[in-house]
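First up is the structure itself, then whatever we jot down about it.
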Amino acid sequence: LVSAGNSDGRDWGNSRRVTSGLDNARTSMTLAVLELRAGIKISGRDVYVATVGGMKITEPSADLAVALSVASAAKGLALPADLVAIGEVGLAGEIRKVTGVTQRVQEAARLGFKRAIVPMGSDLKIAGMEILEAARLEQAISKLKIN
Numbered sequence: 029l030v031s032a033g034n035s036d037g038r039d040w041g042n043s044r045r046v047t048s049g050l051d052n053a054r055t056s057m058t059l060a061v062l063e064l065r066a067g068i069k070i071s072g073r074d075v076y077v078a079t080v081g082g083m084k085i086t087e088p089s090a091d092l093a094v095a096l097s098v099a100s101a102a103k104g105l106a107l108p109a110d111l112v113a114i115g116e117v118g119l120a121g122e123i124r125k126v127t128g129v130t131q132r133v134q135e136a137a138r139l140g141f142k143r144a145i146v147p148m149g150s151d152l153k154i155a156g157m158e159i160l161e162a163a164r165l166e167q168a169i170s171k172l173k174i175n
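Just so you know, we're using the working numbering here: the sequence shown kicks off at 29 and counts up by one.
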């Protein structure tokens, strides 16, 4: 439910951070962690992050989806269309568990998603879903071959 894009990588001096449907401060923190902990260079680049269909997300469970979307856009790669990412990203780059992860992934499977990346220790077994677990943001990026 999150999409992201960024500029062509040239440093124009004044980069923009534009969010729609997400908390701007939380998104800025996630972007800083993405650069500092996962090594994805986005400083000096415009970043646009939006939810799909005007949806508003006020909780941290979308952090991982935001980080992976921006990382893939920064590398010029598309995330798989059948992937869902659920998890809070902490300041040290750790991926934290969120409430209701089992129900969220079950609903994603019902909607046709085939893969989920979730916090380490979520211990999910859902028919028809490939579950990837990651403890840190850089692990999630590596598992999706974004780096």
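Using N, Cα and C, we set each Cβ at its ideal position, and we do this for glycine too.
Remember, predicted model here, so these are calculated numbers, not experimental data.
Cutoff 6 Å; reference residue i; Cβ partners in own chain excluding five residues on either side
| i | result |
| --- | --- |
| residue 88 | 116 |
| residue 169 | 66, 99 and 175 |
C-beta atoms of residue i and residue j nearer than 8 Å
| i | j | result |
| --- | --- | --- |
| residue 162 | residue 145 | yes |
| residue 96 | residue 174 | yes |
| residue 132 | residue 147 | no |
| residue 160 | residue 65 | no |
| residue 61 | residue 121 | yes |
| residue 84 | residue 49 | yes |
Test: residue i CB closer than 8 Å to a CB of chain D
| i | result |
| --- | --- |
| residue 75 | No chain D appears in the structure shown, which is made up of a single protein chain. |
Alpha helix (DSSP H) segment containing residue i, residue limits
| i | result |
| --- | --- |
| residue 93 | 91-102 |
| residue 53 | 52-66 |
Where the beta strand (DSSP E) containing residue i begins and where it ends
| i | result |
| --- | --- |
| residue 180 | Lying outside 29 to 175, the shown extent of the chain, residue 180 is not represented and no answer is given. |
| residue 78 | 75-79 |
Cβ shell of residue i (< 7 Å), same chain only, five flanking positions each side left out
| i | result |
| --- | --- |
| residue 154 | 133, 134 and 137 |
| residue 150 | 125, 129 and 161 |
Neighbourhood of residue i by C-beta distance below 8 Å, restricted to the same chain and skipping five residues each side
| i | result |
| --- | --- |
| residue 56 | 45 |
Checklist entry - Does the region 55-69 come close enough to the region 128-142 to have 3 or more Cβ pairs within less than 8 Å? => result The answer is no - the region 128-142 does not touch the region 55-69, with fewer than three Cβ pairs under 8 Å.
Next on the checklist: Please give the ranges of any beta strand (DSSP E) in the region 113-173, keeping only runs that are unbroken, at least 3 residues long and fully inside the region.
Outcome noted: Whole beta strand (DSSP E) segments, 3+ residues: 143-147 and 158-162.
Checklist entry - Touch check for the region 75-85 and the region 104-118: three-plus C-beta pairs under 8 Å? => result These segments do not touch.
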